[in-house]
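Trainee: Residue numbers (the working numbering): 84 to 510. Sharing a structure here in structure tokens format.
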Ligand SMILES: C[S@@+](CC[C@H](N)C(=O)[O-])C[C@H]1O[C@@H](n2cnc3c(N)ncnc32)[C@H](O)[C@@H]1O
């Protein structure tokens, strides 16, 4: 079988200047997804699901191929980003006039008196202007009624307002750039009120306008597809998919990392934008996401033998590791991750039709000097859940050590991770 294109996006393509609406560190390459879809659907049309859809590479690639794409993610920010990525170039012309209207509306809104989560980073005046832009997008382009802290209200957002929310995310990021760190998934929080960002309303609005001009231009350069298929992106949990049994033809996906990459923390400023109008709650999202640094599972929990030997061996090695908190926090964190992974693979198998194909991209890593062979673990869990292996493609990564696990440094281990696309067929 011919290998698929490398799932890692070229480094340069991650830079915003290379033409993405939103810079996302954990997405896979669209060339890879195109190859994987061609393999999975064997040249036919059908439906492709990504239960951990992230920025929506799968749903966007599916749309381009006239395939029905369905994407779930439990982080409302990623749902908004994935929806924006489905924006049609036919909508590009309305972006500039609509931006002017939204700015006019934001000027007359008054958010004062309403709780404003953006005050974590901004002084009240700037936070108020940003909140008013978010309110204007919601009230003019989504619904008249304000959201009431029910995060599944993001499902109401269509690609056009989603693109405006992404413009607002990028505006916020550009205003708080001084809190960035060398780790793209971690942004500092001001430690004193004096450190908070102060910006005049006209500066914030102008920044938003510039950002929307950039998005409008990118959008107008996109190819027009005369397609009947549609992709949809929704808030949803990979551990409990709201889809019927055997309803999906193919799955292309990559689970969250098992290395304490805190996906909610990585999108903290964006979650605050949604929280400021009641569309998300940062603390809730942080608890819910798989691979989270916060887990509610008891440290004494007993693993399920069905998770397979590779997983049980890893958990034992973590538990018996002499380093601090291995028996408690780290064991617990790994345990929760694999518990969630096993449930998710069960769901992947349940919703795939017999004969349907599944491609899961996963990367190995290290806990200290203990090798976490995630692709092997997924292989064993998938076999238990009724998925038959059909081969794999491996890709060595050389530039992601810092991002994946700085904690194996000093243990003398070979730390170049390998990303593997593991292929299955539903029996
Ligand atoms: C590795 S990223 C997926 C990247 C995606 N393939 C792309 O190209 O953008 C994993 C995603 O899983 C999401 N996630 C974490 N826990 C989840 C859960 N229980 N259900 C659904 N999505 C979840 C995270 O928010 C993150 O966006």
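Cβ coordinates follow ideal geometry from the N, Cα and C atoms, glycine included.
(1) Under the three-state reduction of DSSP, which class applies to residue 178: helix, strand or coil?
(2) Residue 293 CB to nearest chain C CB: under 9 Å?
(3) Along the chain, where does the beta strand (DSSP E) containing residue 165 start, and where does it finish?
(4) Does DSSP put residue 448 in a helix, a strand or coil?
(5) Under 9 Å, do residue 444 and residue 336 count as touching if we go by C-beta distance?
(6) Using only the alpha-carbon positions, how far apart do residue 397 and residue 345 sit?
(7) Assuming contact is defined by CB atoms lying nearer than 9 Å, are residue 302 and residue 172 in contact in what I supplied?
(8) Assess, as a yes-or-no matter, whether the region 310–321 is touched by the region 150–157 under the definition of 3 or more beta carbon pairs within less than 8 Å.
(9) Here's a check: name, in chain order, each residue in its chain whose Cβ is nearer than 7 Å to the Cβ of residue 324, leaving out the five neighbours to either side.
(10) Under DSSP, the beta strand (DSSP E) around residue 272 begins and ends at which residues?
(11) Near residue 432, which residues of its chain fall below 6 Å by C-beta distance, leaving aside the five closest residues on each side in sequence?
(12) Go ahead and label residue 168 buried or exposed: buried means 16 or more other beta carbons lie within 10 angstroms of its beta carbon, across all protein chains shown.
(13) Could you check if residue 177 is buried or exposed, using at least 16 other CB atoms within 10 Å of its CB as the buried criterion?
(14) Closer than 8 Å to a non-hydrogen atom of ligand 1 - does that hold for the CB of residue 320?
(15) Going by C-alpha to C-alpha distance, which of 203, 123, 296, 179 sits closest to residue 275?
(16) Return the bridge partner residues of residue 455 from the DSSP annotation.
(17) Should residue 325 be listed as close to ligand 1, given that the test is whether its C-beta is under 8 Å from any heavy atom?
(18) State the DSSP-derived secondary structure class of residue 376, mapped to helix, strand or coil.
(19) Can the beta-carbon of residue 258 be found less than 9 Å from the beta-carbon of residue 181?
(20) Report the option in 339, 459, 352, 220 whose CA atom is closest to the CA atom of residue 371.
(21) So, for residue 511: in the same chain, excluding its five sequence neighbours on each side, which residues have a beta-carbon less than 6 Å away from its beta-carbon?
(22) Using a Cβ-Cβ cutoff of less than 6 Å, which residues in the same chain neighbour residue 197 once the five nearest sequence positions on both sides are dropped?
(23) Under the DSSP definition of a beta bridge, which residues are partnered with residue 133?
(24) Using the three-state DSSP reduction, which class does residue 391 fall into: helix, strand or coil?
(25) Within 10 angstroms of its Cβ, does residue 187 collect 16 or more other Cβ (buried), or is it exposed?
(26) Between 199, 331, 220, 474, which has its C-alpha nearest residue 211's C-alpha?
(27) Taking its Cβ as the centre, do 16 or more other Cβ atoms sit within 10 Å of residue 464, making it buried, or is it exposed?
(28) Is the region 120–127 touching the region 275–288 in the sense that three or more CB pairs, one from each, lie closer than 8 Å?
(29) Compute the beta-carbon to beta-carbon distance between residue 118 and residue 88, rounded to the nearest angstrom, for a pair I have assumed lies under 8 Å.
(30) Can you name the start and end residues of the beta strand (DSSP E) that residue 316 belongs to?
(31) Enumerate in chain order the residues of its own chain whose CB-to-CB distance from residue 110 is below 8 Å, with the five nearest sequence positions on each side excluded.
(32) Do residue 251 and residue 294 have their C-beta atoms closer together than 9 Å?
(33) What would DSSP say about residue 107, mapped onto helix, strand or coil?
(34) Closer than 8 Å to a non-hydrogen atom of ligand 1 - does that hold for the CB of residue 134?
(35) Which whole runs of the beta strand (DSSP E) in the region 218–288 are 3 residues long or more, in chain order?
Mentor: According to the structure data:
(1) Correct three-state label for residue 178: helix.
(2) No chain C is present in this structure, which holds just one protein chain.
(3) First-last for residue 165: 159–167, but that is the alpha helix (DSSP H), not the beta strand (DSSP E).
(4) Correct three-state label for residue 448: strand.
(5) Yes, the pair counts as a contact, with Cβ atoms nearer than the cut-off.
(6) Those two C-alpha atoms are separated by around 21 Å.
(7) In contact: residue 302 and residue 172 (Cβ atoms closer than 9 Å).
(8) Yes: the two stretches touch, three or more of their Cβ pairs being nearer than 8 Å.
(9) Excluding residues within five positions, the ones whose Cβ falls inside 7 Å are 134, 155, 430, 434.
(10) Premise fails: residue 272 is in no beta strand (DSSP E) and is neither H nor E.
(11) Once the five neighbours on either side are set aside, the close Cβ partners of residue 432 are 468, 469, 470.
(12) Residue 168 is buried by the Cβ-count criterion.
(13) Classification of residue 177: exposed, given that the 10 Å Cβ count is below 16.
(14) Yes.
(15) Ranking the options by Cα distance to residue 275, first place goes to 203.
(16) Answer by DSSP bridge pairing, in chain order: 448.
(17) The answer is no for residue 325.
(18) Residue 376 falls in the coil class under three-state DSSP.
(19) With respect to the 9 Å criterion, residue 258 and residue 181 are not classified as neighbours on the basis of their beta carbons.
(20) Out of 339, 459, 352, 220, 339 has the C-alpha closest to the C-alpha of residue 371.
(21) Since the displayed the chain opens at 84 and closes at 510, residue 511 lies outside it and no answer follows.
(22) Same-chain partners within the cutoff: there are none.
(23) BP columns for residue 133 point to 154.
(24) Of the three classes helix, strand and coil, the one that applies to residue 391 here is coil, per DSSP.
(25) With fewer than 16 other CB atoms across the displayed protein chains lying within 10 angstroms of its CB, residue 187 is exposed.
(26) For residue 211, the closest alpha carbon among the candidates 199, 331, 220, 474 is that of 199.
(27) Under the 10 Å beta carbon count, residue 464 is surrounded by 16 or more other beta carbons and is classified as buried.
(28) Two segments are said to touch when three or more pairs of C-beta atoms, one from each, lie closer than 8 Å; by this definition the region 275–288 does not touch the region 120–127.
(29) The Cβ separation is near 5 Å, so the contact holds.
(30) Segment 314–318, the beta strand (DSSP E) holding residue 316.
(31) Only 92, 137, 138, 140 meet the Cβ criterion.
(32) A contact, by the Cβ cut-off of 9 Å.
(33) Residue state, collapsed to three classes: coil.
(34) It does: the Cβ of residue 134 is within 8 Å (strictly closer) of some heavy atom of ligand 1.
(35) For secondary structure counted as the beta strand (DSSP E) over 3 or more consecutive residues, the region 218–288 holds no complete run.
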